[in-house]
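Asker: Under our numbering, residues 57 to 441 are what the sequence shown spells out, in order.
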Amino acid sequence: MTQQAWLLQPLLTGVFFVLGVVLLFQLIMNAFINYTDNHYKRYSDFNLQLHALGATYFSLVALYFEISASSQHNQYNFANFRLLMLFYVVMFLGQRSSALVVFVTGLSHVILNGLVLESFYYLLIIGICYIIISAFMYAVHQLQLTLFEWSFILDVFAILFWMFCYFNKVPSFGVVSDKMVEFNIIAFIAMNLGLSIGITRMTDARAHLKTITKQATVDSIINLKNYTSFAEDYRQQLHLARKNGTSLTLIAIDLDHFKKINDRYGHLSGNRILSQLGSVLENEATRISNATVYRVGGEEFDILLTNQDAETIYEFSHTLKNQVQQSRFNVDNNESISLTISVGVATLRNADTDDDVLYERADQMLYRSKGQGRNKINMDTNTEE
């Protein structure tokens, strides 16, 4: 679209365009996250993949801008969009992803326009802008400026950029008129304002959704996944184990004599002890792969183990029991006590066609441990001290 066409409706068109670019990326990112969850994949480098997705998306946007500017033979077209994209990519995707976007921008410009003097100046300009913006964003992080504070500084940078283009005639770039400078400065401020408001709204909405989701799926006292999360993950892991023929083990844990602890020390101290117990279990679970701890109610905890052999399960179960028994749990600042747990372990069998069989068998093993005097481990294959 030509500069004259943008002048007809400069503000609304520009604002809706940049918001559309961001919204589309948001939708793609959400679809990627949902796809990952629905296919039960575990990505240890999930953030890296999201950054790669962002770098790919904005590289394609940069390519679109380059093709549009080249077809119109005017490198000042879409300059505001390029600046905004570079700012926000550096801010939200980091140095590596933004460097890739700049590389794609420069490479596509050379391919479209050839190795001419204009390309040299263009590469020099975007290189300098990238260095300045990166330094600026580093300062933003150090000073912990808000989105609106640094978006205001963006406006100042854009004003200086257009003034530089006005007073320094870049070869082969064309002449920047007074009206063009005035238009682009006003358009940049309007688009930047709309983009910062839009991103703030989306960020607030995501944060609110994250809070609601956490409240629904994470135990507020223990900060572990709760029964709702367990029920969902349990069904998913059953599906995955049956589909791929992999192992699935459920470890049911009950804190021994917790009622006596509550009666003697009070419920606040009881909650404190449960939180410490959850930390011990979580710490041990991080020592092996594919282990997730849940608080499923009261003093009851469950652990789901996937893709583990019988020896690992045996050793892990006993490590849990021994680690709890050897730990000291603070009732208050002046007193600490010892605790024990009862444990029941069950592993999925080929004959387990009903989803609840594994859960019920682990529960039976747990109650057998409690019936034997507590501080015991019972597995669905044998009984162990």
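Note that beta-carbon positions come from the ideal geometry of N, C-alpha and C, so glycine has one too.
1) To which residues of the same chain is residue 302 closer than 8 Å at the C-beta, ignoring the five residues directly before and after it?
2) CB-CB under 6 Å to residue 96, same chain, minus the five flanking residues each way: which ones, in chain order?
3) Which residues bound the alpha helix (DSSP H) around residue 417?
4) Can the beta-carbon of residue 175 be found less than 7 Å from the beta-carbon of residue 119?
5) Could you check how far apart the C-beta atoms of residue 348 and residue 360 are, in whole angstroms? I think they sit under 8 Å.
6) Going by C-alpha to C-alpha distance, which of 127, 126, 84 sits closest to residue 114?
7) At what residues does the beta strand (DSSP E) containing residue 289 begin and finish?
8) In terms of alpha-carbon separation, which member of 146, 112, 169, 81 lies closest to residue 124?
9) Could you check how far apart the C-beta atoms of residue 430 and residue 398 are, in whole angstroms? I think they sit under 8 Å.
10) Determine, using beta carbons only, whether residue 321 and residue 401 come nearer to each other than 7 Å.
11) According to DSSP, is residue 99 part of a helix, a strand, or is it coil?
12) Where residue 79 and residue 244 are concerned, what is the direct C-alpha to C-alpha distance, given to the nearest angstrom?
13) Span of the alpha helix (DSSP H) holding residue 340?
14) Cα separation between residue 208 and residue 376?
15) Assign residue 358 to one of three DSSP states: helix, strand, or coil.
16) Quick check: the Cα distance between residue 152 and residue 342, rounded to an integer number of angstroms?
17) Give me the Cα-Cα distance between residue 235 and residue 134, rounded to the nearest whole angstrom.
18) If we call anything under 7 Å between Cβ atoms a contact, is residue 139 one with residue 162?
19) Determine the extent of the alpha helix (DSSP H) in which residue 442 is found, giving its start and end residues.
20) Given a cut-off of 7 Å on the beta-carbon distance, is the pair residue 212 and residue 222 in contact?
21) Taking its Cβ as the centre, do 16 or more other Cβ atoms sit within 10 Å of residue 316, making it buried, or is it exposed?
22) Going by beta-carbon coordinates alone, are residue 186 and residue 158 separated by less than 7 Å?
23) Where does the unbroken beta strand (DSSP E) through residue 351 begin, and where does it stop?
24) Run through the DSSP bridge pairs and tell me what residue 403 is partnered with.
25) Look up residue 311 in the DSSP assignment and give the residues it is bridged to.
26) So, is residue 285 buried or exposed, given that buried needs 16 or more other C-beta atoms within 10 angstroms?
27) Exposed or buried, what is residue 382 when buried is set at 16 or more other beta-carbons lying within 10 Å of its beta-carbon?
28) With DSSP run on the structure shown, which of helix, strand or coil describes residue 253?
29) With distance defined between alpha-carbon atoms, name the residue in 196, 396, 437, 166 nearest to residue 309.
30) Could you check what DSSP says for residue 187 in three-state terms: helix, strand or coil?
31) Tell me where the alpha helix (DSSP H) around residue 369 begins and ends.
32) Using the three-state DSSP reduction, which class does residue 386 fall into: helix, strand or coil?
33) Specify, as a first and last residue, the run of the beta strand (DSSP E) that residue 433 falls within.
34) By how many angstroms is the C-alpha of residue 239 removed from the C-alpha of residue 94?
35) Counting along the chain, where does the alpha helix (DSSP H) carrying residue 150 start and finish?
Answerer: Once the coordinates are examined:
1) 296, 362, 363
2) Residue confidence is low: residue 96 scores 40 on pLDDT, short of 50, so the model does not pin down where it sits. No coordinate-derived value is stated.
3) 412-427
4) no
5) 5 Å
6) 84
7) Segment 283-300 is the alpha helix (DSSP H) holding residue 289; no beta strand (DSSP E) there.
8) 169
9) 5 Å
10) no
11) Confidence is the limiting factor: at residue 99 the pLDDT is only 38, short of 50, which leaves the residue's position unreliable, though a coordinate-based value still follows. Of the three classes helix, strand and coil, the one that applies to residue 99 here is coil, per DSSP.
12) 19 Å
13) 323-341
14) 54 Å
15) strand
16) 29 Å
17) 16 Å
18) no
19) No statement about residue 442 is possible, as the shown extent of the chain runs from 57 to 441 and does not include it.
20) no
21) exposed
22) yes
23) 347-353
24) 305
25) 397
26) buried
27) exposed
28) helix
29) 396
30) helix
31) 366-382
32) strand
33) 433-435
34) Summary for residue 94: the model assigns pLDDT 47, below 50, so the residue's position carries little reliability; its value from the coordinates is reported in the next sentence. Each residue's Cα considered, the two are about 47 Å apart.
35) 135-169
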